[in-house]
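Number of protein chains: 2
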Amino acid sequence: MQIAIVLYDRFTALDAVGPYETLGRLPDADTVFVAERTGPVRTDTGRLAITADRTLAEVPGPDIVVVPGGPGQTQQMENRALLDWLRAADATSTWTTSVCTGSLLLAAAGLLKGRRATSHWLALDHLRPFGAEPTGERVVVDGKYVTAAGVSSGIDMGLTLLGTIAGDEHAQAVQLLTEYDPQPPYDAGSPQKAPAHLVEEFRAKSRFVLS
Amino acid sequence: MQIAIVLYDRFTALDAVGPYETLGRLPDADTVFVAERTGPVRTDTGRLAITADRTLAEVPGPDIVVVPGGPGQTQQMENRALLDWLRAADATSTWTTSVCTGSLLLAAAGLLKGRRATSHWLALDHLRPFGAEPTGERVVVDGKYVTAAGVSSGIDMGLTLLGTIAGDEHAQAVQLLTEYDPQPPYDAGSPQKAPAHLVEEFRAKSRFVLS
């Protein structure tokens with residue numbers, strides 16, 4: 001099963017690596033990192049580069065599409081080459097998925113019309129103009145479209161889809177081997193749980209950044 | 001604050017990316033991926049490569065050392081160049097850390113003698129011959145040595161250390177922005193919680209692999 005994970009300048013690393021490390025453990029996974037050009041693609045911090053091993057054109061028909069998010073997503077919203085590829089790949093994919101603001105790219109490609117979907121909590125409202133129905137859930141499955149909330153939620157999305165495709169026991173084995181028994185030292189991982197002033201601070205900043 | 005994340009052939013991606021995405025969000029972080037040679041370094045699946053931007057020799061005195069684990073760790077246990085670098089870097093580091101079987105490399109470098117430490121649940125017993133005291137905890141802080149359990153635990157380790165260095169509020173902000181509000185679809189992330197036959201199966205396999 002071919003899994004294409006899409007890279008672009010200033011993506012967020014964990015958005016891509018979460019699904020890679022979980023969903024990518026499908027028994028017959030043929031995972032490939034793709035981008036417009038092959039070679040290293042830098043993340044949002046500039047400090048990490050993941051190699052794109054194939055161009056988008058070289059991987060026209062993956063079984064599973066994974067689109068990560070990150071600050072660089074904004075610049076891709078009008079990238080015709082990427083959006084065209086997403087539409088074409090989606091036409092034959094078994095699953096079309098995203099993490100974080102990757103869902104805005106699926107939406108911009110016209111793939112989430114009338115679908116329930118999620119995104120980074122700061123970006124949820126941006127789904128609506130594309131005809132998608134935003135939900136605050138961490139992982140949303142609507143038909144073959146699976147979207148995950150911010151950054152780390154790609155791990156939960158990957159395990160969820162892994163279980164659906166390969167069975168609960170295989171997904172549990174991967175959870176055990178990745179020792180995914182989360183014990184965050186704080187309970188601030190969602191806008192409902194984090195200190196209110198932090199949530200407000202980031203909402204104010206994002207109105208500026210995302211507008 | 002310079003954070004050196006060590007790469008070697010067949011490391012596990014999430015081991016490195018968890019701390020990168022959390023600890024690497026220190027306000028003054030200067031994160032650098034290092035390896036014996038610069039260029040792409042392949043993970044255990046062979047499907048992902050992260051670029052080493054500097055050689056070990058070019059980064060002699062990082063403030064924080066992060067050593068990921070993965071199947072490739074076994075081959076590094078007698079790599080004098082790496083072990084010498086770890087000892088030298090540790091001599092001036094503020095924090096020396098590991099994820100998963102990365103702790104076995106710290107142990108092999110002689111850095112965990114008499115220290116409490118953790119590792120991947122399948123590798124815990126291998127700490128003892130190096131004079132370390134294995135614990136089943138997810139994140140273990142003993143002096144300046146911070147070790148994390150398997151793969152995904154590097155996220156919890158990164159947040160823990162981030163809070164210690166930059167304060168609780170900064171760590172909570174990073175948890176909120178990475179939306180780290182884990183909701184695994186299964187509860188099988190530790191040998192205590194996973195189905196017993198899976199735990200046994202992997203213990204049997206690892207006796208073969210690790211012996």
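Chains as they are written, first to last, in UniProt numbering: chain D, 1 to 211; chain G, 1 to 211.
All C-beta atoms, glycine included, are put in the ideal place defined by N, C-alpha and C.
For clarity, every value in this text was computed on a predicted model and none was experimentally measured.
Going by C-alpha positions, V141/D is about 8 Å away from R116/D. Closest by C-alpha distance to A89/G, out of Y20/G, I165/G, Y145/G, T101/G, is Y145/G. Neighbourhood of D168/G in chain D, by CB distance below 8 Å: Y186, in chain order. Listed along chain G is no residue with a C-beta nearer than 8 Å to that of Y145/D; the closest approach is about 17 Å. Burial check for T92/G: the Cβ neighbour count within 10 Å stays below 16, so the residue is exposed. Residue state for E201/D is assigned as helix, using DSSP reduced to three classes. In terms of beta-carbon proximity, G18/D lines the interface with chain G, with at least one pair separated by less than 9 Å. If you look at S152/D, you'll find it isn't in any alpha helix (DSSP H); DSSP assigns it neither H nor E.
Note that the region 7-22 of chain D touches the region 33-53 of chain D; at least 3 beta-carbon pairs, one per stretch, sit closer than 8 Å.
Counting only runs of 3 or more residues that sit fully inside the region 117-200 of chain G, the beta strand (DSSP E) segments are 139-142, 145-148, in chain order. For Q175/G, same chain residues with a beta-carbon under 7 Å away, outside a window of 5 residues either side, are L159 in chain order.
Ranked by Cα distance from G46/G, the first of A171/D, A149/D, T51/D, V99/D is T51/D. Each of H170/G, V199/G, L198/G was checked against the Cα of A188/D, and the nearest Cα belongs to H170/G.
The Cβ atoms of I64/D and W95/D sit closer than 9 Å to each other. With its beta carbon less than 9 Å from one in chain G, S153/D belongs to the interface.
A check of alpha carbon separations from A173/D across P19/D, E78/D, L26/D identifies L26/D as the nearest.
Under a 10 Å Cβ-count criterion, H197/D is classified as exposed, with fewer than 16 other Cβ atoms of the shown protein chains found around its own Cβ. For the alpha helix (DSSP H) assignment, the uninterrupted runs of no fewer than 4 residues enclosed by the region 9-60 of chain G are, from N- to C-terminal side, 13-22. With 16 or more other Cβ atoms inside 10 Å of its own Cβ, G102/D counts as buried. At a cut-off of 9 Å between C-beta atoms, T38/G does not count as an interface residue with respect to chain D.
Looking only at G143/G, T147/G, E58/G, D53/G, the smallest Cα-Cα distance to D15/G is reached by T147/G.
Cβ neighbours of P191/D within its own chain (closer than 6 Å, five residues either side excluded): W121, V199.
When the alpha-carbon of L127/D is set against those of A108/D, G143/D, R138/D, the nearest one is in A108/D.
In the DSSP assignment, A109/D falls outside any alpha helix (DSSP H) and carries neither an H nor an E. Between G18/D and G154/D, the C-beta spacing is below 9 Å.
Cβ-Cβ separation between T43/G and G70/G: approximately 7 Å, consistent with a contact (criterion under 8 Å). Between R138/G and D156/G, the C-beta gap is smaller than 9 Å, which places the two residues in contact.
At a cut-off of 9 Å between beta-carbon atoms, E21/G makes contact with chain D. By the neighbour-count definition (other C-beta atoms within 10 Å, threshold 16), A123/G is a buried residue. Chain-order list of chain G residues neighbouring K205/D: empty, with the shortest C-beta distance near 10 Å, by a criterion of under 9 Å. The C-alpha of G131/G lies about 6 Å from the C-alpha of G114/G.
Using a Cβ distance threshold of 9 Å, V99/D and V151/D count as a contacting pair.
If you look at T97/G, you'll find it isn't in any alpha helix (DSSP H); it sits in the beta strand (DSSP E) that goes 95-99.
The beta carbon of E58/D sits no closer than 9 Å to any beta carbon of chain G.
Within the same chain, A171 come within 7 Å of G163/D by CB-CB distance, once the 5 residues on both sides are set aside.
A direct Cα-Cα distance of roughly 21 Å separates Y20/D from A57/D.
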